[in-house]
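In my numbering, the protein residues as written are 1118 to 1246.
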């Protein structure tokens, strides 16, 4: 997508920065209180972690082990599942004492990524040939 924006701009001689913003939209509220419809005999969940645990919420941006990541899972004991936006684990269960809050959650989570360059094409060959 960032290559498309570069081509659309029309200035092909411009120097590229080498990084781009990757954004992902998150849900605002999806707390399943009943496992099924309660009127049809559903079971009420009793083991929900609260919204905020030790000052952290789901999808907060945190510093963890020298990397930036997002909280994708929380436990009432104060341990969190921290991942990058592509889903790679930074830590499956890390204590709140080892986390540092960088940003509160937002609808769009933003991560800066490095732009990977394509290898040069052989002489006389175009992209379609």
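Each residue gets a CB set at the ideal place from its N, CA and C atoms; glycine is no exception.
If the criterion is Cβ atoms closer than 8 Å, does the pair residue i and residue j meet it?
i, j, result
"residue 1139", "residue 1202", "yes"
"residue 1226", "residue 1168", "no"
"residue 1191", "residue 1173", "yes"
Round the Cβ separation of residue i and residue j to the nearest angstrom and send it over; I've been treating them as touching at under 8 Å.
i, j, result
"residue 1231", "residue 1135", "6 Å"
"residue 1224", "residue 1145", "7 Å"
"residue 1143", "residue 1176", "5 Å"
Quick check on the DSSP output: the beta strand (DSSP E) that includes residue i runs from which residue to which?
i, result
"residue 1230", "1225-1231"
"residue 1142", "1136-1142"
Count the CB pairs spanning the segment 1151-1163 and the segment 1179-1193 that are closer than 8 Å, and state whether there are at least three. no
Counting beta carbon pairs with one atom in the segment 1185-1195 and one in the segment 1211-1228, are three or more of them shorter than 8 Å? yes
Length at least 4, wholly inside the segment 1162-1234: the alpha helix (DSSP H) runs in chain order: none
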